[in-house]
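Residue numbers (this note's numbering): 1 to 416.
As structure tokens, then:
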């Protein structure tokens with residue numbers, strides 16, 4: 001058999017190969033490198049920054065800007081990150097002529113800005129610059145209470161500020177920077193008592209055994225004109241058992257619960273007419289084994305004056321309301337209200353209460369003819385506000401529907 005190819009077949013294959021070669025050569029022809037190929041060139045000649053020269057520090061009260069220098073190029077992307085990894089928000093003009101920060105710069109911070117440009121020919125350029133901002137002239141420092149330890153389920157988190165923050169916008173900045181972490185997680189909110197103090201509490205009492213931590217991210221953050229966040233250590237606490245004492249002023253008995261289960265009932269006496277014990281939920285503020293109680297210290301004199309040595313005193317208001325031993329009125333315990341506002345009981349019962357209850361535990365007075373406990377100013381009356389009232393004291397969630405986040409309010413929704 002003849003295995004040699006016919007000449008016509010060879011010619012046909014040759015023509016096909018030559019044609020393919022010509023096609024490949026035609027498609028592969030380039031006049032030059034592709035604009036997107038290769039390393040971006042240095043765009044120093046295309047953009048200018050508004051940062052000071054010669055190592056001077058930028059004013060954090062002014063925005064950071066990048067501007068295209070020539071008409072032949074436009075800015076396509078800008079990324080600005082501080083030394084802590086936080087991105088600075090900004091806005092790029094539609095024509096790529098300028099990028100401007102929309103969020104405030106942090107004081108005393110170092111930033112790195114990366115800019116990408118594109119020429120009319122599509123060539124990509126890049127420029128990187130670092131700059132620092134000057135330190136703040138006024139720093140907002142914070143004191144956190146409680147600092148550490150084990151507390152009751154009613155313990156609020158307290159923040160005291162070194163400078164007043166009267167405007168809502170500044171308060172919102174503070175709230176965003178104060179992160180409350182709870183394990184297990186809870187729903188909670190901040191409430192401003194005044195311009196320089198705020199409290200945090202959950203919707204319900206803290207869960208028994210919870211681990212609670214405040215993380216302060218306010219350092220260097222602009223709060224208001226020339227006021228920036230300073231360095232302040234946060235706080236970490238543990239929540240103990242749920243201890244509640246329900247004081248019934250009409251029956252003259254106190255019932256104590258631990259984690260919802262009744263432990264005991266104690267005969268008591270509360271404030272007599274004219275000195276009636278305040279109704280409402282109070283939180284244990286502290287304990288004193290011995291305290292000298294004088295009527296003159298709270299403006300009580302004349303026939304009602306007293307000067308008594310008191311033991312096992314558990315404080316529930318700053319004005320001097322305690323749960324304490326009152327052996328001088330033992331015959332009235334369980335029968336009549338004869339005190340000047342405190343809750344009195346036998347020495348043995350007071351000692352047990354003193355040893356059992358801790359700061360943050362709940363003492364609730366019901367059925368008294370007295371006034372209601374103030375939410376603020378005379379102890380921790382935070383729980384006497386319902387949840388909707390509490391949320392109204394927040395710069396972030398006031399006016400926001402319960403169960404939604406502040407960002408939800410900014411989203412477009414169909415009208416129902």
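Glycine is no exception: its CB is placed at the ideal position from the N, C-alpha and C atoms.
Give me the DSSP bridge partner(s) of residue 247. As a position in the chain shown, residue 247 is number 247, starting the count at 1. Its beta-bridge partners are 254, 365.
Look at the Cβ atom of residue 272, then the Cβ atom of residue 106, and state whether they are nearer than 9 Å. Mapped onto the chain shown, residue 272 falls at position 272. Mapped onto the chain shown, residue 106 falls at position 106. No, Cβ-Cβ distance for residue 272 and residue 106 is not below 9 Å.
Three or more C-beta pairs closer than 8 Å, one from the stretch 68–88 and one from the stretch 50–60: is that the case here? No, the stretch 68–88 does not touch the stretch 50–60.
Flag this pair as yes or no: are the beta carbons of residue 316 and residue 285 separated by less than 9 Å? Position 316 of the chain shown, counting from 1, holds the residue named residue 316. Position 285 of the chain shown, counting from 1, holds the residue named residue 285. A contact, by the Cβ cut-off of 9 Å.
CB contact flag (residue 370, residue 276, <9 Å): Residue mapping note: residue 370 aligns to position 370 of the chain shown, counting from 1. Residue mapping note: residue 276 aligns to position 276 of the chain shown, counting from 1. At a Cβ-Cβ threshold of 9 Å, residue 370 and residue 276 count as neighbours.
Residues in its own chain within less than 6 Å of residue 158 by CB, not counting five upstream and five downstream? Taking the chain shown and counting its residues from 1, one reaches residue 158 at position 158. If you ignore the 5 residues before and after residue 158, its C-beta comes within less than 6 Å of the C-beta of 145, 199, all in its own chain and listed in chain order.
Status (buried if at least 16 other CB within 10 Å, exposed otherwise) for residue 204: On the chain shown, position 204 is the one that residue 204 refers to. Residue 204 counts as exposed, since fewer than 16 other C-beta atoms from the protein chains shown sit within 10 angstroms of its C-beta.
Please list, in chain order, all residues of the same chain as residue 109 whose beta carbon is under 8 Å from its beta carbon, the five residues on each side excluded. Here residue 109 corresponds to residue number 109 of the chain shown, with the count starting at 1. Cβ neighbours of residue 109 beyond the five flanking positions: 60, 82, 83, 84, 132, 133, 220.
Hey, quick one: how far does the alpha helix (DSSP H) through residue 99 stretch, first residue to last? The count along the chain shown starts at 1 and reaches residue 99 at position 99. Under the DSSP assignment, residue 99 falls outside any alpha helix (DSSP H), being part of the beta strand (DSSP E) whose first and last residues are 98–101.
In chain order, what residues of the same chain have a beta carbon less than 6 Å from the beta carbon of residue 138, not counting five sequence neighbours either side? The sequence position of residue 138 within the chain shown is 138, counting from 1. Contacts found: 226, 227.
Please state whether the Cβ-Cβ distance between residue 96 and residue 239 is less than 9 Å. Working through the chain shown from its first residue, we reach residue 96 at position 96. Working through the chain shown from its first residue, we reach residue 239 at position 239. No, the Cβ-Cβ distance between residue 96 and residue 239 is not below 9 Å.
Using DSSP bridges, identify the partner residues of residue 212. Looking up residue 212 in the chain shown gives position 212. Looking at the DSSP assignment, residue 212 forms a beta bridge with 182, 237.
Which of helix, strand or coil does DSSP assign to residue 346? On the chain shown, position 346 is the one that residue 346 refers to. Residue 346: coil per DSSP, three-state reduction.
Quick one: what does DSSP say residue 384 is sitting in, helix, strand or coil? As a first step, residue 384 is located in the chain shown; it is residue number 384 there, counting from the start. In the structure shown, residue 384 sits in a helix (DSSP, three-state: H, G or I).
Counting Cβ pairs closer than 8 Å, one from the stretch 384–398 and one from the stretch 182–197, do we hit at least three? Judged by pairs of C-beta atoms under 8 Å, the stretch 384–398 touches the stretch 182–197, as three or more such pairs exist.
At least 3 beta-carbon pairs within less than 8 Å: the stretch 321–338 vs the stretch 253–272: Yes, they touch.
Counting only the same chain and skipping the five closest in sequence on each side, list residues whose C-beta sits under 6 Å from that of residue 73. Translated into positions along the chain shown, residue 73 becomes position 73. Beyond the five residues adjoining it in sequence on each side, residue 73 comes within less than 6 Å, by CB distance, of 46, 117, 119 in the same chain, given in chain order.
What distance in whole Å lies between the Cβ atoms of residue 241 and residue 208, which are believed to be in contact at a cut-off of 8 Å? As a working note, residue 208 is residue 208 in the chain shown. As a working note, residue 241 is residue 241 in the chain shown. Indeed, because the Cβ distance is near 5 Å, the residues count as touching under 8 Å.
Find the nearest neighbour of residue 327 within the set 312, 321, 63, 318, judged by alpha-carbon distance. Stepping through the chain shown from its first residue, residue 327 is reached at position 327. Ranking 312, 321, 63, 318 by Cα distance to residue 327 puts 312 first.
Which of helix, strand or coil DSSP assigns to residue 41: On the chain shown, residue 41 is found 41 positions in, with the first residue counted as 1. When DSSP states are grouped into helix, strand and coil, residue 41 belongs to the strand group.
Quick check on the burial criterion: 16 or more other C-beta atoms within 10 angstroms. Buried or exposed for residue 2? Indexing the chain shown from 1 puts residue 2 at position 2. In this prediction, residue 2 has a pLDDT of 48, which is less than 50 and means its spatial position is unreliable; nothing more can be read from the coordinates.
Kindly give me the distance between the Cβ atoms of residue 267 and residue 334, rounded to whole angstroms, as I take these residues to be in contact under 8 Å. Position 267 of the chain shown, counting from 1, holds the residue named residue 267. Position 334 of the chain shown, counting from 1, holds the residue named residue 334. Right, the Cβ-Cβ distance comes to about 3 Å (below 8 Å), so this counts as a contact.
Whole-Å CB distance - residue 88 paired with residue 101, under 8 Å assumed: On the chain shown, residue 88 is found 88 positions in, with the first residue counted as 1. On the chain shown, residue 101 is found 101 positions in, with the first residue counted as 1. Between residue 101 and residue 88 the Cβ distance is about 5 Å, and since that is below 8 Å, they are a contact.
Express the C-alpha separation of residue 125 and residue 165 in angstroms, rounding to a whole number. Taking the chain shown and counting its residues from 1, the one referred to as residue 165 is at position 165. Taking the chain shown and counting its residues from 1, the one referred to as residue 125 is at position 125. Distance between the alpha carbons of residue 165 and residue 125 is about 44 Å.
Bridge partners - residue 62, DSSP secondary structure assignment: Taking the chain shown and counting its residues from 1, one reaches residue 62 at position 62. Per DSSP, residue 62 has no beta-bridge partner at all.
Opening and closing residue of the beta strand (DSSP E) in which residue 132 lies: By 1-based counting over the chain shown, the position of residue 132 is 132. In this chain, the beta strand (DSSP E) harbouring residue 132 covers 124–132.
Can you give me the C-alpha to C-alpha distance between residue 123 and residue 185, rounded to a whole angstrom? Locating residue 123 in the chain shown gives position 123, counting from the first residue. Locating residue 185 in the chain shown gives position 185, counting from the first residue. Cα to Cα, the separation comes out at about 51 Å.
Who does residue 201 pair with in a DSSP beta bridge? Counted from its first residue, the chain shown places residue 201 at position 201. Per DSSP, 189.
Buried or exposed: where does residue 161 fall if 16 or more other Cβ atoms within 10 Å of its Cβ makes it buried? The residue you call residue 161 lines up with position 161 of the chain shown. With 16 or more other CB atoms across the displayed protein chains lying within 10 angstroms of its CB, residue 161 is buried.
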